[in-house]
Structures are given as structure tokens and as C-alpha cells.
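Chemist: Supplied in C-alpha cells, the structure appears directly below.
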Amino acid sequence: MATATPETSVSSILLAATALSSIRGERTLFADLSMTVRAGEVWQIEGPNGAGKSSLLRILTGLLPAQAGTVHFQGESITQCRDEYHQSLLFIGHKSGVKPELTAIENLEFYAAVQGQPLVEPPYELLANVGLVGLEDIPAQGLSAGQQRRIALARLWLTQAPLWILDEPFTALDVAGIALLEARFAEHVGQGGAIILTSHQPVNAEKFPLQRIALRYQH
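If you use UniProt numbering, the sequence shown corresponds to residues 1 to 219, in order.
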């Protein structure tokens, strides 16, 4: 069973999950899980490895079906508004999802083209935000896993999607990088966006409204 500790809010509801259940093999990861994500909120999914954190995120994105329950985006089932939902969603999963043959800059340009939006900021500045100065023109396959992760995170300064779903975004970041990312989170939710994330480390709740769901490992 999952436990949630939401705070009341009069902000508009972006995402509502109701009575979700997920099973892996013969083991129930979680059951009867509900959450209501409003504009201006950050939700942290907590729990040990194997508790179903990544599975929950993939269910919320529509990439993985739940055994039971529903997910609605702005009042409509995500199965009925799939295209609109994915245009309104930025998902960065456990894998970075960068194109290995493209340089860091080319990866950002590719993402912008797929999203149909211009690069408002120079790509060098976007990559500087995540500590990739001097590595902009190197193919991603020549970079470390942590550096490839930072290319993916640079999309946070590019996207106009109101809902972000992020799997372990602080991985491979130093203290300065974490502070920069938290400042970007605060900016995003301050503009009416919302974020759902997993993290093994505490999230600074002083910068934005933080809700938590704790998943427990089910034997």
C-alpha cells in the first residue's frame, strides 16, 4: 500500500491518478494508489529499490499499463488524449534517451525539432546550465553516462511542457548542479507547472510546495 501526505491547494488539477495497481510477475508493487497533482506542486515518490517507483512514473506517462486504476490529465483519460498529453509532458526516465551519434548541441536541436519549438536560448547556454561547457560538440557516445544524463536534463530549460515526470533527476549532479536544478524546479512551478519525480536524496522543500508518496517493498 502507498501512503500519500498531500497538502490542500486551490490550484487547478493537472494530473489525477485513481486506485492504481501494478504487478510485476507474482508480486504486487503497489495497490489502490491515488494522487492529485495540481499546478504549482512538486511530488516526490519515495521508497526502496524494487518498490515500484519507476513503474509508477511509467504508468503516469502512459508508457506502461496499470493492472487497475485510471490516470486523467486535465480531466480527460490519458488514453483518450494521448497526443495532447504527450505534447504537455516532459518525461526523463532512468535512461537518458539521448541520441549517441549526435553531439550534445545536436541532441538539443533534435529535441526542439521533435517538439516543434525553437531554441529560445543559445544551446551553449543551455548546456552550461548543466555543467557541460567544453563538451558541446562531442558525440554523446563519447561522453560518460553522467554527462549524457546532463544533456537530457538541459531539456528542462528548453521545454514548454507544463508537466514534468523525472526519474532520479539528481543522479550524477554535484552540489552546485543540484542547487541549479532545484532553482529551475522552483521557476517552473512558480509559473504554474508541476513536477513528479523520484529521488534517493532529500528534496529541498523550502523552495516549492512538496508532496510525498511513500512506496513500500511488498514481499
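Glycine included, every Cβ here is placed at the ideal spot set by N, Cα and C.
#1: How should Q147 be labelled, buried or exposed, when 16 other C-beta atoms within 10 angstroms of its C-beta is the threshold for buried?
#2: In whole angstroms, give me the CA-to-CA distance for R212 and S54.
#3: Classify S22 as buried or exposed, calling it buried when 16 or more other Cβ atoms lie within 10 Å of its own Cβ.
#4: Could you pull the DSSP bridge partners for F30 from this structure?
#5: Looking at the structure shown, is T159 part of a helix, part of a strand, or coil, going by DSSP?
#6: Where V114 and P139 are concerned, what is the direct C-alpha to C-alpha distance, given to the nearest angstrom?
#7: Return the first residue and the last residue of the alpha helix (DSSP H) that E168 is part of.
#8: Hey, G193 and W164 are a contact pair by Cβ (cut 8 Å); roughly how many whole angstroms apart?
#9: On the CB-based measure, 16 or more other CB atoms within 10 Å of its CB, does F110 come out buried or exposed?
#10: Am I right that I92 and L215 are in contact with their C-beta atoms under 8 Å? What's the rounded C-beta distance?
#11: Tell whether a beta-carbon distance below 9 Å holds between V37 and A66.
#12: To the nearest angstrom, how far is it from the Cα of P123 to the Cα of I13?
Modeler: Answer, in terms of the structure:
#1: Indexing the sequence shown from 1 puts residue 147 at position 147. By the 10 Å Cβ count, Q147 comes out buried.
#2: As a working note, residue 212 is residue 212 in the sequence shown. As a working note, residue 54 is residue 54 in the sequence shown. The straight-line gap from Cα to Cα measures roughly 15 Å.
#3: Here residue 22 is taken as the residue at index 22 of the sequence shown, counted from 1. Label assigned to S22: buried.
#4: As a working note, residue 30 is residue 30 in the sequence shown. In the DSSP output, where bridge partners are listed per residue, F30 has S22.
#5: Here residue 159 is taken as the residue at index 159 of the sequence shown, counted from 1. Coil.
#6: In the sequence shown, the residue the question calls residue 114 occupies position 114. In the sequence shown, the residue the question calls residue 139 occupies position 139. Approximately 19 Å between the Cα atoms of the pair.
#7: Residue 168 sits at position 168 when you count from the first residue of the sequence shown. Element bounds for E168: n/a, residue is neither H nor E.
#8: Numbered from its first residue, the sequence shown carries residue 193 at position 193. Numbered from its first residue, the sequence shown carries residue 164 at position 164. With a Cβ gap of about 7 Å, G193 and W164 count as contacting.
#9: As a working note, residue 110 is residue 110 in the sequence shown. Exposed is the call here.
#10: Along the sequence shown, one-based indexing puts residue 92 at 92. Along the sequence shown, one-based indexing puts residue 215 at 215. About 20 Å separates the two Cβ atoms, so there is no contact after all.
#11: Position 37 of the sequence shown, counted from the first residue, corresponds to residue 37. Position 66 of the sequence shown, counted from the first residue, corresponds to residue 66. In this structure, A66 does not lie closer than 9 Å to V37 by Cβ.
#12: As a first step, residue 123 must be located in the sequence shown, where it is residue number 123. As a first step, residue 13 must be located in the sequence shown, where it is residue number 13. Cα-Cα distance, rounded: 33 Å.
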